[in-house]
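Enquirer: The letter at position 201 of the sequence shown is residue 200 when you use numbering that gives the first Met the number 0, and the numbering goes up by one with no holes.
Even glycine gets a Cβ: it sits at the ideal position worked out from N, Cα and C.
What you are looking at is a predicted structure, and each value in this text was computed from that prediction instead of being measured.
Pasting a structure below so you can have a look.
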Amino acid sequence: MDILIALLPALFWGSMILFTVYIGGTAYSQILGITIGALLFALVEYGFASPEMTAKVFWVGLASGALWTVGQIGQLQSIKKIGVAVTMPISTGMQLIATTLFGALVFSEWHDAVTTGLGLSALLLILAGVFLTSAKPKGAVSDAADSSNMRNALIMLTVSTLGYLSYAVLAAFFKVNGADAVLPQSIGMVLMALLLTAREKPYNRDTLKNILPGIVWAFGSFFMFVLQPKVGVAISFSLAQVAVAISTLGSIFILKEKKTPDQMKKVVLGIVLIIVAAVLLGIAKDY
Numbered sequence: 000m001d002i003l004i005a006l007l008p009a010l011f012w013g014s015m016i017l018f019t020v021y022i023g024g025t026a027y028s029q030i031l032g033i034t035i036g037a038l039l040f041a042l043v044e045y046g047f048a049s050p051e052m053t054a055k056v057f058w059v060g061l062a063s064g065a066l067w068t069v070g071q072i073g074q075l076q077s078i079k080k081i082g083v084a085v086t087m088p089i090s091t092g093m094q095l096i097a098t099t100l101f102g103a104l105v106f107s108e109w110h111d112a113v114t115t116g117l118g119l120s121a122l123l124l125i126l127a128g129v130f131l132t133s134a135k136p137k138g139a140v141s142d143a144a145d146s147s148n149m150r151n152a153l154i155m156l157t158v159s160t161l162g163y164l165s166y167a168v169l170a171a172f173f174k175v176n177g178a179d180a181v182l183p184q185s186i187g188m189v190l191m192a193l194l195l196t197a198r199e200k201p202y203n204r205d206t207l208k209n210i211l212p213g214i215v216w217a218f219g220s221f222f223m224f225v226l227q228p229k230v231g232v233a234i235s236f237s238l239a240q241v242a243v244a245i246s247t248l249g250s251i252f253i254l255k256e257k258k259t260p261d262q263m264k265k266v267v268l269g270i271v272l273i274i275v276a277a278v279l280l281g282i283a284k285d286y
């Protein structure tokens with residue numbers, strides 16, 4: 000039962016993107032609404048929980064939340080260029096590669112032949128999965144617009160990955176409990192969103208509607224913190240990556256992003272490879 004419940008973060012995180020795209024709006028109105036929703040959830044949670052709010056927790060949480068917003072807006076901007084079904088597997092793959100290499104090189108997580116073998120195998124599977132999910136239809140010829148969109152999306156996702164990596168690493172480096180930092184993180188998220196959207200002034204209905212996806216995302220984080228002690232870091236980390244399957248397949252079947260039968264086969268296989276890679280990385284973390 001715990002394993003089934005541990006899939007809840009993936010369900011919420013994967014569906015958050017679907018809600019956001021369905022609601023619409025610019026990337027700026029989306030990120031502002033999402034961060035406001037996360038802050039509202041954090042304020043309610045703070046009223047019921049008893050987090051340890053030290054100066055370190057506050058400032059590290061504030062900074063990591065701001066970096067998360069950088070990561071999220073890059074992802075949203077990429078979706079505008081190439082769609083959810085292409086963006087999410089590439090984004091997930093880039094994040095897994097970045098966090099894995101950082102952990103191996105900086106935190107020495109690959110401490111023996113087994114963890115090194117698992118890590119390298121996972122990286123190869125991720126690369127194969129990303130290649131498959133982003134494949135074009137057979138016989139399709141890319142025009143200048145398609146090439147430009149993909150190039151711009153990859154730049155956005157590179158910045159996005161750096162934001163997500165910094166968000167994840169900061170709390171780990173300073174040994175801050177994620178559950179304690181929820182409120183300052185959400186404050187940092189909103190402050191960065193206000194900074195990034197200042198010129199756009201996205202104070203409209205789309206922003207208000209996108210508060211819902213922000214609350215959905217916050218529920219995913221809440222269940223991750225609750226369930227991690229029960230099922231362990233390795234399992235919870237691995238299961239969280241199922242979010243890429245929910246967002247990618249949901250974009251095809253719910254948002255009606257078009258894929259040929261050949262592309263569908265490659266998308267499904269690519270998602271499976273990415274999830275298998277996440278499982279291997281989870282095993283390596285716990286080894």
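What do you get for S147, buried or exposed, if any count of 16 or more other CB atoms within 10 angstroms of its CB means buried?
Expert: Position 148 of the sequence shown, counted from the start, is the residue given in the question as residue 147. It is exposed - the Cβ of S147 has fewer than 16 other Cβ atoms within 10 Å.
Enquirer: Would you call the stretch 88-105 and the stretch 273-284 in contact, with 3 or more CB pairs under 8 Å?
Expert: Touching, per the Cβ criterion.
Enquirer: When the Cα atoms are used, what is the spatial distance from S165 to N209?
Expert: Along the sequence shown, read from residue 1 onward, the residue named residue 165 stands at position 166. Along the sequence shown, read from residue 1 onward, the residue named residue 209 stands at position 210. The alpha-carbon atoms of S165 and N209 are separated by roughly 25 Å.
Enquirer: Since L122 and K265 are thought to touch, with beta carbons under 8 Å apart, how far apart are those beta carbons, to the nearest angstrom?
Expert: For the purposes of this step, residue 122 is taken as residue 123 along the sequence shown, with counting starting at 1. For the purposes of this step, residue 265 is taken as residue 266 along the sequence shown, with counting starting at 1. Between K265 and L122 the Cβ distance is about 19 Å, and since that is not below 8 Å, they are no contact.
Enquirer: Within 10 angstroms of its Cβ, does P136 collect 16 or more other Cβ (buried), or is it exposed?
Expert: Here residue 136 refers to the residue found at position 137 of the sequence shown. By the 10 Å Cβ count, P136 comes out exposed.
Enquirer: Check for me: the alpha helix (DSSP H) holding K174 runs from which residue to which?
Expert: Working through the sequence shown from its first residue, we reach residue 174 at position 175. Premise fails: K174 is in no alpha helix (DSSP H) and is neither H nor E.
Enquirer: In whole angstroms, what is the alpha-carbon distance linking L254 and D145?
Expert: Along the sequence shown, one-based indexing puts residue 254 at 255. Along the sequence shown, one-based indexing puts residue 145 at 146. Taking the straight line from one Cα to the other gives about 20 Å.
Enquirer: Where do the N-terminal and C-terminal ends of the alpha helix (DSSP H) with M52 fall, by residue?
Expert: The residue given as residue 52 occupies position 53 in the sequence shown. It is not in any alpha helix (DSSP H) - M52 carries neither H nor E in the DSSP assignment.
Enquirer: What do you reckon, are the CB atoms on A26 and L75 nearer than 8 Å?
Expert: As a working mapping, residue 26 is identified with position 27 in the sequence shown. As a working mapping, residue 75 is identified with position 76 in the sequence shown. Result yes, Cβ atoms of A26 and L75 sit closer than 8 Å.
Enquirer: Please identify the residue among P260, S77 and L61 whose C-alpha is closest to the C-alpha of T160.
Expert: In the sequence shown, residue 160 corresponds to position 161, counting from 1. Here the closest residue by C-alpha is S77.
Enquirer: If the criterion is Cβ atoms closer than 8 Å, does the pair I22 and T68 meet it?
Expert: Locating residue 22 in the sequence shown gives position 23, counting from the first residue. Locating residue 68 in the sequence shown gives position 69, counting from the first residue. No.
Enquirer: As an exercise, report each continuous alpha helix (DSSP H) stretch of at least 4 residues that is fully enclosed by the stretch 148-218, in chain order.
Expert: 181-195 and 204-208, all fully within the stretch 148-218.
Enquirer: Less than 7 Å between C-beta atoms, sequence neighbours within five positions excluded: which residues of the same chain meet that for I81?
Expert: On the sequence shown, residue 81 is found 82 positions in, with the first residue counted as 1. Answer for I81: N148, M149 and A152, listed in chain order.
Enquirer: F172 to A283, Cα distance in whole Å?
Expert: One-based indexing of the sequence shown puts residue 172 at position 173. One-based indexing of the sequence shown puts residue 283 at position 284. Taking the straight line from one Cα to the other gives about 19 Å.
Enquirer: Exposed or buried, which one is V83 when buried takes at least 16 other CB atoms within 10 Å?
Expert: By one-based count along the sequence shown, residue 83 stands at place 84. Buried, by the Cβ-count rule.
Enquirer: Are P289 and V189 close, meaning C-beta to C-beta below 8 Å?
Expert: Here the chain has residues from 0 to 286 only, and residue 289 is not among them.
Enquirer: To the nearest angstrom, how far is the alpha carbon of K79 from that of A167?
Expert: Start at 1 with the first residue of the sequence shown, and residue 79 comes out as number 80. Start at 1 with the first residue of the sequence shown, and residue 167 comes out as number 168. Computed Cα separation, rounded: 25 Å.
Enquirer: E44 lies in the alpha helix (DSSP H); which residues open and close that run?
Expert: Position 45 of the sequence shown, counted from the first residue, corresponds to residue 44. Unbroken alpha helix (DSSP H) run through E44: A26 to F47.
Enquirer: Between I35 and I16, what straight-line distance do the alpha-carbon atoms span, to the nearest angstrom?
Expert: Residue 35 sits at position 36 when you count from the first residue of the sequence shown. Residue 16 sits at position 17 when you count from the first residue of the sequence shown. Their Cα atoms are separated by approximately 16 Å.
Enquirer: What do you reckon, are the CB atoms on S63 and A180 nearer than 8 Å?
Expert: In the sequence shown, the residue the question calls residue 63 occupies position 64. In the sequence shown, the residue the question calls residue 180 occupies position 181. Contact flag set, yes.
Enquirer: Who are the Cβ neighbours of L182 in its own chain at under 6 Å, not counting the five residues just before and after it?
Expert: If you number the sequence shown from 1, residue 182 lands on position 183. For L182, where only same-chain residues beyond five positions count, the Cβ hits under 6 Å are A41 and Y45.
Enquirer: Helix, strand or coil for Q240? Go by DSSP, reduced to three states.
Expert: For the purposes of this step, residue 240 is taken as residue 241 along the sequence shown, with counting starting at 1. It is coil, neither helix nor strand.
Enquirer: In whole angstroms, what separates the C-alpha of T206 from that of T196?
Expert: Start at 1 with the first residue of the sequence shown, and residue 206 comes out as number 207. Start at 1 with the first residue of the sequence shown, and residue 196 comes out as number 197. Their Cα atoms are separated by approximately 11 Å.
Enquirer: Distance, Cα to Cα, K257 vs A277?
Expert: In the sequence shown, counting from the first residue as 1, residue 257 sits at position 258. In the sequence shown, counting from the first residue as 1, residue 277 sits at position 278. If I take the Cα positions, the gap works out to 27 Å.
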